[in-house]
Amino acid sequence: MRLNRTLTTLAVSALLAACATGPLNPPAPAVLPTALPPAPPPVPELRPGVPAGYLGRSLPDSLALLPPYPAKGSPGFARDQAVSRASQKLKNTPRYALASRDADLSFPQVAGTFSCALGVPVSAQDTPRLYLLLQRSMVDAGLATYAAKDHYQRTRPFVFYKEKTCAPADEEALRKDGSYPSGHTAIGWAWALLLSELSPAQADAVLARGRAFGENRLICNAHWQSDVLQGRAVGAGAVAVLHANPQFNADMAAARAEINALRGNGVEPQDCTAEAAALKVKIPGVE
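Sequence positions in the sequence shown follow mature numbering (1 follows the signal peptide of the UniProt record, and there is no 0) and run -30 to -1, 1 to 257.
Given below as structure tokens:
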């Protein structure tokens, strides 16, 4: 993967900027476990305020990992089109509102994506090591999609159909950023896999939320279904490689201690009613 070249793209610049609003060495959590793991070493930065991922250049090669996307006129593209058109019927529903929120990868907002599924609040204050883990793994999972994205430069559905997305401010950058595979999906699925490992009792809810996070890109008109399906493959590949990284494994252990401490003290996320209602709205032909 040509990481230096990739870091110059608009989409990755936006991805890295999303990390910049969160602290690199967050404050201590409000509820502490009995014995805290040692503090992490200083986190390297890709640029001031932006934490580097764990993997550097050792990313999975999405171009080698994935098949080509479905060509126009193929049965696969016909399925992509059918799902795209069905997903656009969900505008003005609670699921569309959730999809619009999920489109925003900026911290601290995105850190709480899995709070309801996990059953504990996730923030720089409550879970600082988990917060940093999410920041750094987002960079790895997101950048891992770019070997294929840059090669294929697939047209996104909102461009293909001359329509809008759920995030108009992002559209100019998205027009220049390949659709295949979905970076949002790779990130969301990587997070779902990591969090289900950290909290196995909540795995079903966490994985379902990770699936919805990626499929919300269909509702946003930003990706085709094949982009989303292969985004999961890249996210899983990134997680597999991450498990060979010692600092990642140390941060996983620290994050697990934070989650257990909050749960042991009965700390729960804020009202999850709206999210639960949104997730009950299904995409026709997908769920």
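Glycine included, each C-beta is placed from N, C-alpha and C at the ideal position. As the structure is a prediction and not an experimental result, all values here were calculated from the model.
Limits of the alpha helix (DSSP H) - the one that residue i falls within
i	result
Arg124	That residue, Arg124, is in no alpha helix (DSSP H); it is neither H nor E in DSSP.
Arg27	Where Arg27 is concerned, there is no enclosing alpha helix (DSSP H), given that its DSSP letter is neither H nor E.
Gly236	Here Gly236 belongs to no alpha helix (DSSP H), and DSSP marks it neither H nor E.
Ser169	No alpha helix (DSSP H) contains Ser169, which DSSP labels as neither H nor E.
Gly23	Note, Gly23: premise wrong, no alpha helix (DSSP H); not H, not E.
Val204	195 to 212
Ala246	243 to 249
CB-CB length for residue i against residue j, believed under 8 Å
i	j	result
Pro127	Ser54	5 Å
Leu75	Pro21	In fact, because the Cβ distance is near 14 Å, the residues do not count as touching under 8 Å.
residue 264	Gln200	Any question about residue 264 goes unanswered here, given that the chain covers just -30 to 257.
Ser196	Asp50	5 Å
Ala64	Val251	The sequence given here places Pro at residue 64; Ala does not occur at that position. Yes, Pro64 and Val251 are in contact; Cβ-Cβ is about 6 Å, under 8 Å.
Val211	Leu25	6 Å
Leu165	Val176	5 Å
Tyr39	Tyr116	In fact, because the Cβ distance is near 15 Å, the residues do not count as touching under 8 Å.
Ile253	Leu68	Contact flag wrong, Cβ pair sits at about 12 Å.
Ser152	Gly112	So it is not a contact: roughly 10 Å between Cβ atoms.
Buried/exposed call for residue i, threshold 16 Cβ in 10 Å
i	result
His213	exposed
Asp174	exposed
Ala48	exposed
Arg17	exposed
Leu2	Confidence is the limiting factor: at Leu2 the pLDDT is only 47, short of 50, which leaves the residue's position unreliable and the question unanswerable from this model.
Asp31	exposed
Arg124	buried
residue 258	The structure shown does not extend to residue 258, since the chain spans only -30 to 257, so no value can be given for it.
Pro12	exposed
Gln172	buried
Gly255	exposed
Thr243	exposed
Lys119	buried
Asp147	buried
Ser245	For clarity, residue 245 is Glu in the given sequence; the question names Ser instead. Per the 10 Å Cβ criterion, buried.
Asp96	buried
Ala87	buried
Glu142	exposed
Arg(-29)	The predicted model places Arg(-29) with a pLDDT of 40, which falls under 50 and marks its position as unreliable; any figure quoted below should be read in that light. Exposed is the call here.
Arg145	exposed
Pro37	exposed
Leu249	buried
Ala203	buried
Arg27	exposed
Ser57	buried
Pro14	exposed
Pro45	exposed
Host beta strand (DSSP E) of residue i (start-end)
i	result
Glu15	15 to 17
Residue i beta carbon near the ligand GTP (any heavy atom closer than 7 Å)
i	result
Gly205	Questions concerning the ligand GTP fall outside what the structure shown contains, since it holds no ligand whatsoever.
For this session: Mind listing, in chain order, the continuous alpha helix (DSSP H) runs of no fewer than 4 residues lying wholly within the stretch 65 to 148?
Result: 85 to 88, 98 to 113, 116 to 122, 127 to 130, 141 to 145
Exercise. Are the stretch 160 to 170 and the stretch 94 to 113 touching, with three or more C-beta to C-beta distances below 8 Å?
Worked result: yes
For this session: Determine contact between the stretch 185 to 203 and the stretch 135 to 148, defined as no fewer than three beta-carbon pairs at a distance below 8 Å.
Result: yes
Problem set entry | Start-end ranges of the alpha helix (DSSP H) lying completely within the stretch 43 to 68, minimum 4 residues | 45 to 57
Exercise. Looking at C-beta atoms only, is the number of pairs between the stretch 79 to 93 and the stretch 223 to 239 that lie closer than 8 Å three or more?
Worked result: yes
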